[in-house]
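Colleague: Residue numbers (this note's numbering), protein chains in the order written: chain A, 1 to 223; chain L, 1001 to 1476. Beta carbons: idealized from backbone N, C-alpha and C, even for Gly. Only a predicted model underlies this, so the values are computations on that prediction, with no experimental measurement involved.
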Amino acid sequence: MRILIVEDDQPAAEAMAKGLTDAGHDCVVQPDGAAGLDCARRGGFDVMIVDRMMPCLDGVGLVETLRRDGDETPVLFLSALGEIEDRVTGLRAGADDYLVKPYAFAELVARVEALSRRRETGSVLTQLRVGDLEMDLIGRRVHRAGQEIDLQPREFRLLEFLMRHAGQAVTRTMLLEKVWEYHFDPQTNVIDVHISRLRSKIDKGFEHPMLETIRGAGYRLDA
Amino acid sequence: MPEDRDAPGSGLLRLFRAAPFRLTLLSLALFAFAGAAFLAYVYVAATGEARRRTDAEILREAASLVEVNDRAGAQALNSVLVSRMAGEQRYLYLLMTPEGRKISGSLARSPVEDFRGEPVWIRFNLSGFDEDGRPVSIPARGFQQKLPDGAILFVGADTDDDQQFIVTIVRGLWGAGALVIVLGIASGLLISRNFTRAMTGLTDVVRAARHGDLTARAAVRGAGDELDQLAEGLNAMLERLDRSMAAHRHAGDSIAHDLRSPLTRLKVRLETALIDMEAGRGDARQALRQALDDTDGVLRTFSAVLAISRLQAAGEAPNAVLFDPAGMVGDMTELYGPLCEDKGLEIASDIAAGLTLRGNPAILAQALANLVDNAVKYTPQGGAVMVRLRRRASGDVEISVTDTGPGVPQHDRDRVVDRFIRLENSRNMPGAGLGLSLVAAVAEAHGGRLELGEGPGAYGGSGPGLRAALVLPSPS
């Protein structure tokens, strides 16, 4: 995946680029909004990571300009401003996701990968399949190896999100955001309990566990 | 040093410099100008009127004399003139030959020079003597015409009486004007003394605040006027500023206090790990993991403190909307359901439908999550957690979480809402102790409050339980 990082804090940008390169991605770093815009316009990026406050042209201005030009490349905003209203302005400017500094690197990688996936699966699906796990989005039914699994509505949405991001790490905060649609840092293990419920339903009685816990990051559903 | 540039001078100078005094002077100047214009108008109008009256009288007198002349001849006119001059002399007369020589009359010669036979008006001065025998010049007017027989008749009157009357009026008005100006200056001084006294109080408070003393308050005189409103506004502003400053000082202290120990622990862990690694023993990964956990804790404390500060500084909920809280309360109950079950707690909810709140649903959700989180954390196994949304009799909307845990003793209830306060017996629980402070800040930002009370007690729990309620005003 080709990633454009527009960040004026050089050590942070370098650490980010190194981590993402190690994770198998191709990174280009630009130190300010104007250079970032030039680079973005040349195209060819799958995801852009844009710092919100930068010299020359700030993140909001950059994303607004790109969107006006019709460039729909997914953008993840990085910001030290974490309040709800900052988030709202960021997303309104056209960013696709918003991460508040300081963030865990695992969270950044998970969100960047989720963004690229979102673009690939832009078409409307009626069925999801990961390994022998099948989800019928119309009939709202789930089968594993032909065996029907009975899920609560919330468990269904949780599994749907995990299946849409199969093979990727998803964090607890992402799950609270996308499945429950609330934005806060779940302090206790409240999300983990939901996951372990779901895990007992889809993995119990099967030899190969699909839903794994990734230490320090979150969870991953894999065939 | 410009330190006391705003300190006004003392005494009279201060009064003269006061704004109301200047305003009084300005209005007096305007008044004096209007008064002068009025006087000028009166003068012109009155003199005009007097002249018209005198002229009419002169014409009437002249006409009657001409009539005598026409009817009875020059001889009769002369005798009429002589008899009129013998009586009260209201008019001045002069009858002359066509060549201009005096025949009879009270004037020695006509003031009209170069008479061409056309009727003519003239304004002239009579020389006479006043009561004390001093020579004076008396203003007069006259009309001269040629009679049909060629003789010339002049009739005039002195206008001194009219003039005197007008002068008296104008002089009186000037006197009244002077009196008004003196009284005006005096009342200006009086008003500005009162005003200055009130302003001095306000200025003193502002100066104190500028020098860092936020405790001084301006006196409200109870008149309910603009000055009182200003004083009240100033006091409210100082109150808020003082509280905010205190909160910041307190936050600074608390952050320093609360972050020092985890940061110290982190440092020790990293040092030990480094030493172990250099000596080639131990597993550095374990130490790094713990260090990461410590860092997370520090960052979490930071975000909580920041969130509280921002809510307190803003004083209102950002992006507030009108919404029905039922969905949000249901979501939070559902979110914590499995956690409660795992801990052997019963969780139930009682959610009233059709209520409306004005606020930020996401922030309120986080506040409610904190309350449920607390309840789950402190309630021992076998207990229960009840989440309730209802409208109080007062009309306020209440979102409450009741548990059957140990509760919070009455005397500690105010304290637990303070930042970082954690009761002694909960020291071993995870968390930075900011949960309830955040909830209280959220409640205040929504114009409401956080109430802590006793739970149901006997409901199968191990203590009196805690009832934490977000009490929020219903939008009108």
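What does the Cβ neighbour count give for M1429(L), buried or exposed, with the cut at 16 atoms within 10 Å?
Modeller: One-based indexing of the second sequence puts residue 1429(L) at position 429. Low confidence applies to M1429(L): its pLDDT is 44, below 50, so where it sits in the model is not reliable, and the reading given next is rough at best. Label assigned to M1429(L): exposed.
Colleague: DSSP three-state call for M8(A): helix, strand or coil?
Modeller: As a working mapping, residue 8(A) is identified with position 8 in the first sequence. The question names Met, but residue 8(A) is Asp in the sequence shown. DSSP places D8(A) in coil when its eight states are reduced to three.
Colleague: Going by C-alpha to C-alpha distance, which of S1064(L), D1204(L) and H1211(L) sits closest to A1231(L)?
Modeller: Here residue 1231(L) refers to the residue found at position 231 of the second sequence. Considering only alpha carbons, the answer is D1204(L).
Colleague: Can you check whether the C-beta of R197(A) is within less than 8 Å of a C-beta belonging to chain L?
Modeller: For the purposes of this step, residue 197(A) is identified with residue 197 of the first sequence, where counting begins at 1. Chain L contact via Cβ: present.
Colleague: On a Cα-Cα basis, can you pick out the residue from V1442(L), R1207(L) and N1078(L) that is closest to L1368(L)?
Modeller: Taking the second sequence and counting its residues from 1, the one referred to as residue 1368(L) is at position 368. It is V1442(L).
Colleague: Output needed for V63(A): all residues of its chain with C-beta closer than 7 Å, excluding positions within five of it in sequence on either side, in chain order.
Modeller: Your numbering for residue 63(A) matches position 63 in the first sequence. Cβ neighbours of V63(A) beyond the five flanking positions: V50, V75, A93, G94 and A95.
Colleague: Evaluate contact between the region 1146-1153 of chain L and the region 1167-1181 of chain L, counting only Cβ atoms and requiring at least three cross-stretch pairs below 8 Å.
Modeller: No, because fewer than three Cβ pairs between the region 1146-1153 of chain L and the region 1167-1181 of chain L fall closer than 8 Å, the two stretches do not touch.
Colleague: Leaving out five residues on either side along the sequence, give the residues of the same chain with a beta carbon under 8 Å from the beta carbon of R1078(L).
Modeller: Translated into positions along the second sequence, residue 1078(L) becomes position 78. Note that residue 1078(L) is Asn in the sequence shown here, rather than Arg. Taken in chain order, the residues that qualify are L1095, I1103 and S1104.
Colleague: According to the neighbour-count rule (16 or more other Cβ atoms, all chains shown, within 10 Å of its Cβ), is V1416(L) buried or exposed?
Modeller: The sequence position of residue 1416(L) within the second sequence is 416, counting from 1. Buried is the call here.
Colleague: Can a CB atom of chain A be found closer than 8 Å to the CB of P1020(L)?
Modeller: Indexing the second sequence from 1 puts residue 1020(L) at position 20. No, no contact with chain A.
Colleague: Starting from D1350(L), follow the beta strand (DSSP E) in both directions and report where the run begins and ends.
Modeller: Position 350 of the second sequence holds residue 1350(L). Start and end: E1346 to I1351.
Colleague: Look at the Cβ atom of G1455(L), then the Cβ atom of T1402(L), and state whether they are nearer than 8 Å.
Modeller: The residue given as residue 1455(L) occupies position 455 in the second sequence. The residue given as residue 1402(L) occupies position 402 in the second sequence. Yes, these two residues count as a Cβ contact at 8 Å.
Colleague: How about R224(A) and G218(A): are their beta carbons less than 8 Å apart?
Modeller: Not covered by the structure: residue 224(A). The range shown for chain A is 1 to 223.
Colleague: Could you tell me the boundaries of the beta strand (DSSP E) in which K178(A) lies?
Modeller: Position 178 of the first sequence holds residue 178(A). Segment: none, K178(A) is in no beta strand (DSSP E) and carries neither H nor E.
Colleague: Determine the direct distance from the alpha carbon of E1341(L) to that of G167(A), and round the result to whole angstroms.
Modeller: Counted from its first residue, the first sequence places residue 167(A) at position 167. Counted from its first residue, the second sequence places residue 1341(L) at position 341. Each residue's alpha carbon lies about 30 Å from the other.
Colleague: Could you check whether L158(A) and L175(A) sit closer than 8 Å to each other, using their CB atoms as the reference points?
Modeller: Taking the first residue of the first sequence as 1, we reach residue 175(A) at position 175. Taking the first residue of the first sequence as 1, we reach residue 158(A) at position 158. Cβ atoms of L175(A) and L158(A): closer than 8 Å.
Colleague: For S1137(L), tell me which candidate among A1236(L), L1234(L) and L1126(L) has the shortest Cα-Cα distance.
Modeller: Walking along the second sequence from the start, residue 1137(L) turns up at place 137. Comparing Cα-Cα distances from S1137(L) to each of A1236(L), L1234(L) and L1126(L), the minimum goes to L1126(L).
Colleague: With 16 as the cutoff for other CB atoms within 10 Å, does Q30(A) come out buried or exposed?
Modeller: Here residue 30(A) is taken as the residue at index 30 of the first sequence, counted from 1. It is buried - the Cβ of Q30(A) has at least 16 other Cβ atoms within 10 Å.
Colleague: Does chain A have any CB closer than 8 Å to the CB of E1294(L)?
Modeller: In the second sequence, counting from the first residue as 1, residue 1294(L) sits at position 294. Rather than Glu, the amino acid found at residue 1294(L) in this sequence is Asp. No, D1294(L) does not count as interfacial toward chain A.
Colleague: Pull out every residue of the region 8-20 of chain A whose Cβ sits closer than 8 Å to any Cβ of chain L, in chain order.
Modeller: Against chain L - using a Cβ distance shorter than 8 Å - the region 8-20 of chain A contributes no residues.
Colleague: Determine whether the beta carbon atoms of M135(A) and E160(A) lie at a separation below 8 Å.
Modeller: Along the first sequence, read from residue 1 onward, the residue named residue 135(A) stands at position 135. Along the first sequence, read from residue 1 onward, the residue named residue 160(A) stands at position 160. Their beta carbons are under 8 Å apart, which means M135(A) touches E160(A) by this criterion.
Colleague: Under 8 Å, Cβ to Cβ, is there at least one residue of chain L near R157(A)?
Modeller: Indexing the first sequence from 1 puts residue 157(A) at position 157. Not one chain L Cβ lies under 8 Å of R157(A).
Colleague: Can at least three beta-carbon pairs, one atom from the region 10-24 of chain A and one from the region 35-48 of chain A, be found at a separation below 8 Å?
Modeller: Contact between the region 10-24 of chain A and the region 35-48 of chain A is absent, because fewer than three Cβ pairs lie under 8 Å.
Colleague: Please report the distance separating the alpha-carbon of A1384(L) from that of D1293(L).
Modeller: In the second sequence, residue 1384(L) corresponds to position 384, counting from 1. In the second sequence, residue 1293(L) corresponds to position 293, counting from 1. One C-alpha to the other measures close to 31 Å.
Colleague: So is N1319(L) in contact with chain A if we call contact Cβ pairs under 8 Å?
Modeller: Against the second sequence, residue 1319(L) aligns to sequence position 319. Interface residue, yes.
Colleague: Return yes when the Cβ of A110(A) is within less than 8 Å of the Cβ of A17(A), no when it is not.
Modeller: As a position in the first sequence, residue 17(A) is number 17, starting the count at 1. As a position in the first sequence, residue 110(A) is number 110, starting the count at 1. Going by C-beta atoms, A17(A) is not nearer than 8 Å to A110(A).
Colleague: Helix, strand or coil for Y98(A) per DSSP?
Modeller: If you number the first sequence from 1, residue 98(A) lands on position 98. Correct three-state label for Y98(A): strand.
Colleague: Going by the DSSP bridge assignment, what does M48(A) pair with across the sheet?
Modeller: Here the question's residue 48(A) lines up with position 48 in the first sequence. M48(A) is bridged to L4(A) and V75(A).
Colleague: Could you work out which residues of chain L lie near Y182(A), taking near to mean beta carbons separated by less than 9 Å?
Modeller: Walking along the first sequence from the start, residue 182(A) turns up at place 182. Correct list: M1328, D1331, M1332, L1335, P1361, A1362, A1365, Q1366 and A1369.
Colleague: I'd like to know whether the C-beta of T188(A) is nearer than 8 Å to at least one C-beta of chain L.
Modeller: Along the first sequence, one-based indexing puts residue 188(A) at 188. Interface residue, yes.
Colleague: Report yes or no: is there a C-beta of chain A within less than 8 Å of the C-beta of R1300(L)?
Modeller: Along the second sequence, read from residue 1 onward, the residue named residue 1300(L) stands at position 300. Closer than 8 Å: yes.
Colleague: With a cut-off of 8 Å, does the C-beta of P1409(L) fall near any C-beta of chain A?
Modeller: Against the second sequence, residue 1409(L) aligns to sequence position 409. Cβ-Cβ to chain A under 8 Å: no for P1409(L).
Colleague: Run the CB neighbour count on W180(A), radius 10 Å, all protein chains shown included, and call it buried at 16 or more, exposed below.
Modeller: Against the first sequence, residue 180(A) aligns to sequence position 180. When all chains shown are included, W180(A) counts as buried.
Colleague: In chain L, which residues lie with their C-beta within 7 Å of the C-beta of P209(A)?
Modeller: The residue you call residue 209(A) lines up with position 209 of the first sequence. Result: empty, since nearest Cβ-Cβ is about 19 Å, beyond 7 Å.
Colleague: When you compare the CB of P1475(L) with every CB in chain A, is at least one pair closer than 8 Å?
Modeller: Numbered from its first residue, the second sequence carries residue 1475(L) at position 475. No - not a single Cβ of chain A is within 8 Å of the one on P1475(L).
Colleague: Identify whether A1157(L) lies in helix, strand or coil by the three-state DSSP scheme.
Modeller: Taking the second sequence and counting its residues from 1, the one referred to as residue 1157(L) is at position 157. Residue state, collapsed to three classes: strand.
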